[in-house]
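Numbering of the sequence shown is given in my numbering, commencing with residue -14 and proceeding in unit increments.
Ideal Cβ placement from N, Cα and C applies to all residues, glycine included.
Remember, it's a predicted structure, so these values are computed and weren't measured experimentally.
Worksheet: the structure to be examined is printed underneath.
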Amino acid sequence: MLKLLTDLSDRASLGAFKTASTLFNLLPVADAHKLGHQLVRLWLTCDRRHRQIIEKNLEIALQLKPASPESLQLQDEIAQQLGYNLCELLLLQNPAYRRLLQQNLEVSGLEHLDLIQAEKSGAILVSAHYGNWELSGFFSKVIMKPIAGVAKPIKNKPRLYAAIKKTREEMGFTLLDKKGSAGALVRRLRKGGIIAMLIDQRARKRYRIWAPFFGHQVATIPSPAVLGRLSGCPVIPIFSTRIRPLHHQFTIKEPIFIPKTGDSREIVDEYTERLNHIIEEQIRSDPAQWFWPHDRWRKIKPPDSNLLTPIK
């Protein structure tokens, strides 16, 4: 019975997704973006838990009191950006809008790719849930190389996930199975392949290390530093920033080379902290474009302690 209900829920979710995509594609673009904003505002009004997570995160990271005018203003800007992301995700199901989004892309920092393109080296692209991260597949068109990554499937929604995965792959992004992905990523890098990772969310206990992020030690994914050390490939931060609706800019940062000699743990800790700092700087440049509903600071590590402290 439970399996049947799960299957029906998945089918209903896929149907709702396709219906919403059709509706958004029928609307004028400006109206579609307004609708996306209003839907996210409605969601946050009804979803007290995620609304409180956003309020708490803004207080922890930016010292904004939940009821302050500054916090309320930023919360509405966050809802607007999330609404734009929702709208663009639905528009991406239409190849015509996909081409338009790709044509409207701007790129800065291309000089940082000269090395990997000249030497045909692999690279580890790292980013965050910032701007519209769903556009990362388009970056393969910029560097004229396929990009691979590991994505977490949507729980109990295989049909919905398959539809979104298909769009990502049509944009130029190859998704690898999570099982055995570490070895596959290293082999790909050593053959000159490009992989991409989003590293700004809370890491599971099995994979985490502690690194500072907005002044707190948080559970962080060390994979870029580990893979960079094992493969010798550079780690390149890249961010997708929304300039205005349907117009985005890829910003490519300077490559980071992870030393292959020295104490492995110290090196991984040092460069993971460095990557967290780069992400933090990007978020501070335009806070509304980050994904604040994620409970990034649910648990932190106090100084000189192995204990976890929940932040309430």
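{"Query": "Quick check on the DSSP output: what are the complete beta strand (DSSP E) runs of length 3 or more inside the region 92 to 140, in order along the chain?", "Result": "108 to 112 and 132 to 135"}
{"Query": "Mind reading off the beta-carbon distance from Ala204 to Trp195? Whole number of angstroms is fine, and I expect it under 8 Å.", "Result": "7 Å"}
{"Query": "Three-state secondary structure (DSSP) at Pro51?", "Result": "coil"}
{"Query": "What did DSSP end up calling Leu12 once you bin it into helix, strand or coil?", "Result": "coil"}
{"Query": "Quick check: Tyr115 and Asp61, are their CB atoms within less than 9 Å of each other?", "Result": "no"}
{"Query": "Mind the definition here: the region 2 to 10 touches the region 42 to 51 only if three or more C-beta pairs lie below 8 Å; say whether that holds.", "Result": "no"}
{"Query": "Applying the criterion that 16 or more other CB atoms from any shown protein chain within 10 Å of the CB defines a buried residue, is His262 buried or exposed?", "Result": "exposed"}
{"Query": "Compare the beta carbon distance of Val135 and Lys163 with 9 Å and say whether it is the shorter of the two.", "Result": "yes"}
{"Query": "Please return the same chain residues whose Cβ sits closer than 7 Å to the Cβ of Ala298, not counting the five positions on each side in sequence.", "Result": "The requested residue 298 is not part of the displayed model; the chain covers only -14 to 297."}
{"Query": "Determine whether the beta carbon atoms of Val220 and Pro240 lie at a separation below 9 Å.", "Result": "yes"}
{"Query": "Could you tell me the boundaries of the beta strand (DSSP E) in which Ala169 lies?", "Result": "Here Ala169 belongs to no beta strand (DSSP E); instead the alpha helix (DSSP H) covers Ser166 to Arg175."}
{"Query": "Once you ignore the five residues that flank Pro143 on each side, which residues in its own chain have a CB closer than 7 Å to its CB?", "Result": "Asp(-5)"}
{"Query": "Could you give the distance in angstroms between the alpha-carbon of Val252 and the alpha-carbon of Ala108?", "Result": "Residue identity check: residue 252 is Ile in the sequence provided, not Val. Rounded to whole angstroms, Ile252 to Ala108 spans 18 Å at the Cα level."}
{"Query": "Please report the distance separating the alpha-carbon of Leu29 from that of Ala188.", "Result": "25 Å"}
{"Query": "Just list the beta strand (DSSP E) runs in the region 177 to 254, keeping only unbroken ones of 3 residues or longer that don't cross its boundaries, in chain order.", "Result": "179 to 183, 194 to 198, 201 to 205, 220 to 229 and 232 to 237"}
{"Query": "When burial is assigned at 16 or more other CB atoms within 10 Å of the CB, is Ala64 buried or exposed?", "Result": "buried"}
{"Query": "Quick check on DSSP: helix, strand or coil for Lys163?", "Result": "coil"}
{"Query": "Classify Trp28 as helix, strand or coil using the three-state DSSP reduction.", "Result": "helix"}
{"Query": "Checking the sheet assignment: what are the DSSP bridge partners for Lys286?", "Result": "Gln202"}
{"Query": "In whole angstroms, give me the CA-to-CA distance for Ser125 and Leu57.", "Result": "37 Å"}
{"Query": "Identify which residue in Arg173, His18, Lys176 and Ala133 has its Cα closest to the Cα of Leu74.", "Result": "His18"}
{"Query": "Might you give, ordered along the chain, the residues of its own chain that have their beta carbon closer than 6 Å to the beta carbon of Glu55, omitting 5 neighbours on each side?", "Result": "Leu49"}
{"Query": "Leaving aside the five residues before and after Ile228 along the sequence, list all residues of the same chain whose C-beta is less than 6 Å from its C-beta, in chain order.", "Result": "Gln234"}
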